Amino acid sequence: MECPCYGKAGCRKKSLLSPSSPARSPTSASASAILFRPLSRYGLWAALIISLTYFVIGTALVPRLWADPLGPMLKIWPVLMLNLVAMAIREDR
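For what it's worth, the working numbering labels the leading residue of the sequence shown as 1, then goes sequentially.
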């Protein structure tokens, strides 16, 4: 439900479903699909594609992220590996 003054100067209220809301992000959709067993295969593939897209676009547009002390680009590799492990053991769970 939108705030009637949403977007006006001085309004501090935000909609729960604003465009920047995490509830609308593709990562939350893939995470929800992973939790629901019949859709877990599609959710894992979506998570893999989203991570690889983040890696490629991040490297192309902002290569200095590789030198960042917090390592935002380095954090992708463990996520990708865990995603591949989850894909491999999906049938056994």
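Ideal placement from N, C-alpha and C gives every residue a C-beta, glycine not left out. Note that the structure is predicted; figures quoted are calculated from it, not measured.
- In this structure the region 41–58 lies against the region 81–88, because at least three pairs of beta carbons, one per stretch, are closer than 8 Å.
- Residue 39 and residue 69 have their C-alpha atoms spaced approximately 36 Å apart.
- With respect to the 8 Å criterion, residue 44 and residue 90 are classified as neighbours on the basis of their beta carbons.
- Residue 61 is positioned such that its CB atom lies no closer than 8 Å to that of residue 73.
- A direct Cα-Cα distance of roughly 32 Å separates residue 88 from residue 67.
- A straight-line Cα-Cα distance of about 12 Å links residue 71 and residue 55.
- Counting only the Cα atoms, residue 63 lies some 9 Å from residue 57.
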